[in-house]
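Here is the structure we will look at, set down as structure tokens.
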Amino acid sequence: MIFLQAATGAGSGSNYIMLLGTLGMVSLTLGIVFFVIFHQRKVTRFNMDLKKLEEDKQQALLNASIKFQEEERNRIAADLHDDVGPLLATARLYLNENIINQEPAAQLQSIFSAKQIIDDAIQLIRNISHSMMPPTLKNFGLESALSDLFQKINGSGNLNASVRFHDYRTRIKLEQELHIFRVVQELVNNIMKHSNAGFIHLTQNANATHSYFRLHHDGQGIIQTEFDRLNHTSGGLGLKNIASRVKVLNGRILFEIDPSHTYYKVTIEVPKETNF
Amino acid sequence: MPIAILGFIIYSVYDYYSSKPLDVPYMPLVIECFFFILVIVFFMYEKIQYSVSSPIYYLPSFWISVAFLLYFSGNFFAFLFSNPAYNSPEFKEQFTLIYSTVTIMKNIFLCTAIITNSNLIENDKNTNRRIDMDLGAFNQFTNPLTHNGK
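Listed in order, the protein sequences are those of chains D and R.
Per this note's numbering, residue 4 is the first one in the first sequence, and the count goes up by one each step.
Per this note's numbering, residue 1018 is the first one in the second sequence, and the count goes up by one each step.
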């Protein structure tokens, strides 16, 4: 109202333009300010949603990792309790105090039996230990460990498994090697359990910054969208474990199907961190 | 940006010495307004690009920029028309009205910036409060069944 009075009081055209221009500029300014506030609120909300999704995913991976660890502990406990425990108990039975009252031949037989059982127990403990950390991996590296694994699979006669490393002159860090080994092991286990594949072939390649491990198989596989979906559901513990290991490696994993639909490919990309 | 500032300073000095003593330096004022409007709009654009963790209206710098944006854009036309009509009493009346209104609004927004800043400091104090636990102050647990609540 005051502005209108001033405008009519001024009477001249330039004053009227000045007043309208000022009102226009002030409106424009307020418009910009409101736009900035609302736009920023929208962006903040979007970012918060994104952050929540990421946190949920992290939580799921963490839970899977803890669950996997617990399962592994249970497995080791079961192995020790069910296999090693009875063996040692039997050995103890052979070596009880009555042994001194026995005939020398019977004594020798008891000692021999106890020795056999203790040897079996040692072998069992060695197997458990090897399943936790393969000695080939520690001593000779990823190439040897994976070759060893694939040879064992091949030896079963059910599946044709082969490995070819093209560029692995320098070993990467042992922790990285172990993660890659476990990922490949899990993938191979899944292929053997679910895909009915006739062959598995692993190839390794590298460029200046990354190493690439690619598994081919001709069974029933999964593609990336399916992997992402399974990764977000409550099941799929092995896949979650793969995802968390790949995340630890700062790498990527890609599940694909060949355009001819004859075989599936799983590619693991890992940044190079050499040990030496 | 530094070249623009330097150019503007040189032009202002030139205008100061070349104009008559009682003239309104309307052109430097208009350029200044235009320049500041551009800078503040750019600043806001930067803010909405990167400041996404908390609402922008929690930042004092946002309210300061709003205050000055309003001040310069509100006075833009008043400064633009000041040279030809400055001696007219009708213009003076209208100029004073616009200038005063815009300046009051600017000051209100600056006050908002001060209030926002004090709130921000208060929040910081609350979130960064030290946890001093005097363990000696804890009473020993007493079983209400054996001590009858005494």
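Virtual Cβ for every residue (Gly too), placed ideally from N, Cα, C.
Annotated as distal: D/H220 and D/S165, with beta-carbon spacing of 9 Å or more.
D/R255 is bridged by DSSP to D/E272.
As computed with DSSP, D/R217 is found in a beta bridge with D/T206 and D/T270. Annotation: Cβ neighbours of R/L1086 in chain D (cutoff 9 Å, chain order): T32, I35 and V36. DSSP, reduced to helix, strand and coil, places R/F1098 outside both helices and strands of the structure shown, so it counts as coil. Within chain D, the C-beta atoms nearer than 8 Å to that of R/S1090 come from M28, V29, L31 and T32, in chain order. Positions of the alpha helix (DSSP H) runs, each at least 4 residues long and wholly inside the segment 1046-1134 of chain R, are given as 1077-1097 and 1099-1102 in order along the chain. For R/P1019, none of the residues of chain D pass the 9 Å Cβ criterion, the least Cβ distance being about 25 Å.
Look at the beta carbons and you see the segment 1104-1114 of chain R not touching the segment 1058-1077 of chain R: under three pairs across the two are nearer than 8 Å. Residues of the segment 1049-1064 of chain R with a Cβ closer than 8 Å to any Cβ of chain D, in chain order: V1058, M1061 and K1064. Exposed is the label assigned to R/S1117, since fewer than 16 other Cβ atoms lie within 10 Å of its Cβ.
Under the three-state reduction of DSSP output, D/S263 falls in the coil class, being neither helix nor strand.
Rounded to the nearest whole angstrom, the C-alpha separation of D/I125 and D/L91 is 10 Å.
Boundaries of the alpha helix (DSSP H) harbouring D/R76: G16 to D82, taken from the DSSP string. The C-beta of D/I120 comes no closer than 9 Å to any C-beta of chain R. D/V251 sits away from D/L190, with the two beta carbons spaced by 9 Å or more.
Taking CB atoms only, D/L242 has no neighbour in chain R less than 9 Å away.
Just so you know, the alpha carbons of D/I260 and D/N163 end up roughly 19 Å apart. The beta carbons of R/P1045 and R/S1029 sit about 5 Å from each other, so the pair counts as a contact at 8 Å.
In the three-state scheme derived from DSSP, where H, G and I count as helix and E and B as strand, D/R172 is classed as coil. Contact holds between the segment 1078-1090 of chain R and the segment 1122-1133 of chain R, because three or more Cβ pairs, one in each stretch, are under 8 Å apart. Contact of R/I1121 with chain D is not assigned, every C-beta pair being separated by 9 Å or more.
For D/L64, same chain residues with a beta-carbon under 8 Å away, outside a window of 5 residues either side, are K243, A246, S247 and K250 in chain order. For D/V186, the enclosing alpha helix (DSSP H) covers residues L177 to N193.
When C-alpha distances from R/S1090 are compared across R/M1122, R/I1054, R/L1097 and R/W1080, the shortest belongs to R/I1054. For R/L1023, no CB of chain D lies under 9 Å from its own CB, so it is not counted at the interface with that chain.
Interface flag for R/A1095 against chain D is set, since a Cβ pair is found closer than 9 Å. If you check the CB distance, R/N1092 and D/T47 do not come in under 9 Å. Around the C-beta of D/I183, 16 or more other C-beta atoms lie within 10 Å, and the residue is accordingly described as buried. Taking 9 Å as the cut-off, the Cβ atoms of D/N18 and R/E1107 count as close.
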